[in-house]
Ligand code: F6R
């Protein structure tokens, strides 16, 4: 949901900002732009399109000056046009602003400002430029003007602001949108994600809500919204930028799928005492609610089965965007487990804040170190799967499953055994990668013109059907639905026609026969059955053989072909699986 970057140092700033922006492109790729200060002027280039396209037209890295800000956009307010691309400027072209978030009261503010200011875009961001301009005209410094401006804003924002009147500083501020400062050697960064500058420094300061940072060439000062100085020491981020390269693959997605077994190993490597402590907190809670969005929610649904089947602990899973409507049932006897790769998803954060305010204990299962969710939680468990760049979750989903397995085993006081089993499994799950890839490529070729796919499964694998369908629709834009196999005949079966692909996830466990029966019902209506199973059946038109594992581990056994099927269909259709249209990896708006 938009990525922002600022840099101030001794070298030319625009190439540094451009490099950082390319690493934030997973956050938005509708438009891109950079503004720098040189010779008491703001120089700005921006356009619609991916960074490479805008760079190709305007050489963003040619802008002179040692201070610059940049932006990649995922449109919220205002269409994808040049005028709406960031950075935005004030009337006199003396202030430039990049923004991630949504200013909810922008219409009222715009009406107030319109008499004295000229607006050139439809964005909510532009009002911020004009508000700062108003306060600077009154004689305030840039930081005073920013502090005064944010008092009027309702909504979420991470902002980086530069002004020709104070050309040696970037003023940055955040509220409910991520913002991290990077401390280099005589050079400083501010960005939506530390990943963007990790090749330069891993010393970071995570900004808190309502804090304002003045980032100058010789240091950083942080103030609270009342203008009082805040002392904050940098922390070190252990991630390496190298982990986020494509490693010779065409797309990050394929590389990240292949990293699945490593993700199992790394997620299963946890501090035993900490996992036991978190598991006991869950076991002892009167009420446990798991909240998450998208793929993370499907991982949570599998976690729910595991908690129940292995540890006899019942819990509920509530979609994060709906969680606020259950506020009246949350109290200090509730444990809320919030699951998020990014740790920044606005819906998750809002639900967690609500639950925390009501006295609930918060446990986060999160990948990005130092993310807002990790910091707001009472206890955090990390996925340890390194940067995930492809917009679609793959290895992080697998790592989330591993954490749920660990917690379930810990609740049974069998953590060592569970850890060993998981690590052992990691060796085999990608075993049939080459063979399955070949088969799935052929299937993608055969089925790429189909308009609808249905995914069915039962029990613990039901959420895998939903996850498989989600991967397919987000990457290939083919409509897909995943559902419990038994539910199909209660309506959806009406949609099955001659040739409709049905992916039947039917591992050789207690669900096998019933799922196969449901597949046969669709076959009788013309469906083309893709069996994802360790056991063959004559009903399958294509059999994707998966490793045979102990029943509870089947989600880890079937995940690979589901991810690969979506990947190959997207590639066959000429789509970029790393950057699906209309999506962004870190969904920081509600
Ligand atoms: C799907 C996908 C999304 C995310 C969802 C939550 O492939 O990636 O559905 O799972 O946006 O994101 P996080 O886990 O960062 O909260």
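Residue numbers (our numbering): 93 to 682.
All residues carry an ideal CB built from backbone N, CA and C; glycine is no exception.
Model, not experiment: these values are computed from the prediction.
| request: Flag this pair as touching only if the region 311-324 and the region 358-373 have three or more C-beta atom pairs under 8 Å; answer yes or no. | output: Touching, no.
| field | Per-residue burial, residue 645 [other beta carbons within 10 Å of its own, 16 or more giving buried] | value | The residue in question, residue 645, is buried, as its Cβ has 16 or more Cβ neighbours within 10 Å.
| query | Would you report the Cα separation of residue 234 and residue 395, rounded to the nearest angstrom? | reply | Roughly 49 Å between the two C-alpha positions.
| residue 461 (DSSP reduced to helix, strand or coil) | Coil at residue 461, not helix or strand.
| said: Please return the same chain residues whose Cβ sits closer than 7 Å to the Cβ of residue 211, not counting the five positions on each side in sequence. | reply: For residue 211, where only same-chain residues beyond five positions count, the Cβ hits under 7 Å are 202 and 218.
| Would DSSP call residue 529 helix, strand or coil? | Of the three classes helix, strand and coil, the one that applies to residue 529 here is helix, per DSSP.
| request: Tell whether a beta-carbon distance below 7 Å holds between residue 157 and residue 128. | output: Yes. Within cutoff.
| field | Extent of the continuous alpha helix (DSSP H) run through residue 387 | value | Judged by DSSP secondary structure, residue 387 falls within the alpha helix (DSSP H) whose first and last residues are 386-403.
| Using the beta-carbon count (16 or more within 10 Å), is residue 315 buried or exposed? | Residue 315 comes out buried.
| task | Note down the Cα distance separating residue 442 from residue 94, rounded to an integer number of angstroms. | result | Roughly 19 Å between the two C-alpha positions.
| query | Taking just the CA atoms, how far does residue 503 sit from residue 673? | reply | Spanning the two alpha carbons is a distance of roughly 41 Å.
| request: Determine the direct distance from the alpha carbon of residue 676 to that of residue 560, and round the result to whole angstroms. | output: If you take the alpha carbons of residue 560 and residue 676, they lie about 19 Å apart.
| task | Determine the DSSP secondary structure at residue 692, reduced to helix, strand or coil. | result | Given that the chain is displayed from residue 93 to residue 682, the structure contains no residue 692 and the question cannot be resolved.
| task | State the start and end residues of the unbroken alpha helix (DSSP H) segment that holds residue 576. | result | Segment 571-576 is the beta strand (DSSP E) holding residue 576; no alpha helix (DSSP H) there.
| request: Return the bridge partner residues of residue 427 from the DSSP annotation. | output: When beta bridges are read from the DSSP output, residue 427 appears opposite 380 and 453.
| Any heavy atom of the ligand F6R within a distance shorter than 6 Å of the CB on residue 385? | Within the cutoff, so yes.
| request: Could you tell me if residue 389 is buried or exposed, where buried requires 16 or more neighbouring beta carbons within 10 angstroms of its beta carbon? | output: Around the C-beta of residue 389, 16 or more other C-beta atoms lie within 10 Å, and the residue is accordingly described as buried.
| query | Is residue 199 near the ligand F6R, going by C-beta to nearest heavy atom under 6 Å? | reply | Residue 199: no, Cβ never under 6 Å from the ligand F6R.
| Run through DSSP, which three-state label would residue 313 get? | In the three-state scheme derived from DSSP, where H, G and I count as helix and E and B as strand, residue 313 is classed as strand.
| From 454, 598, 152 and 230, residue whose alpha carbon lies closest to that of residue 431 | When only C-alpha atoms are compared, the closest one is 454.
| query | Using a threshold of 6 Å, is the CB atom of residue 484 nearer than that to any non-hydrogen atom of the ligand F6R? | reply | Yes, the Cβ of residue 484 comes within 6 Å of a heavy atom of the ligand F6R.
| task | Measure the alpha-carbon distance for residue 299 versus residue 275 and round it to whole angstroms. | result | Each residue's Cα considered, the two are about 13 Å apart.
| At which residues does the alpha helix (DSSP H) containing residue 608 begin and terminate? | Segment 604-615, the alpha helix (DSSP H) holding residue 608.
| task | Measure the CB-CB distance between residue 121 and residue 682 and report whether it falls below 7 Å. | result | Remark: C-beta atoms of residue 121 and residue 682 do not approach each other more closely than 7 Å.
| query | What's the C-alpha gap between residue 103 and residue 249? | reply | CA-CA distance, residue 103 to residue 249, rounds to 28 Å.
| message | Rounding to the nearest angstrom, what Cα-Cα distance links residue 117 and residue 618 in this structure? | response | If I take the Cα positions, the gap works out to 42 Å.
| residue 163: which of 382, 490 and 139 sits nearest, CA to CA? | When only C-alpha atoms are compared, the closest one is 139.
| query | What is the rounded straight-line gap between the Cα of residue 239 and the Cα of residue 180? | reply | Each residue's Cα considered, the two are about 18 Å apart.
| request: Check whether the Cβ of residue 269 sits closer than 6 Å to any heavy atom of the ligand F6R, and report yes or no. | output: A distance criterion of 6 Å places the beta-carbon of residue 269 beyond contact range of the ligand F6R, judged by its closest non-hydrogen atom.
| said: Please return the same chain residues whose Cβ sits closer than 8 Å to the Cβ of residue 523, not counting the five positions on each side in sequence. | reply: Once the five neighbours on either side are set aside, the close Cβ partners of residue 523 are 639.
| query | Ordered along the chain, which non-local residues of its own chain (more than five positions away) have a Cβ less than 6 Å from that of residue 408? | reply | Result list for residue 408: 381, in chain order.
| query | Roughly how many angstroms separate the alpha carbons of residue 620 and residue 526, rounded to a whole number? | reply | Taking the CA atoms as reference points, residue 620 sits about 23 Å from residue 526.
| query | For residue 126 versus residue 189, is the C-beta spacing smaller than 7 Å? | reply | Their beta carbons are not under 7 Å apart, which means residue 126 does not touch residue 189 by this criterion.
| Nearest-angstrom Cα distance between residue 171 and residue 643? | Inter-residue distance for residue 171 and residue 643 is about 49 Å (C-alpha atoms, whole angstroms).
| Cβ-heavy atom distance between residue 433 and the ligand NAD below 6 Å? | The ligand NAD is absent from the structure shown, which contains only the ligand F6R.
| task | Measure the CB-CB distance between residue 449 and residue 413 and report whether it falls below 7 Å. | result | Taking C-beta atoms as the reference points, residue 449 and residue 413 fail to come closer than 7 Å.
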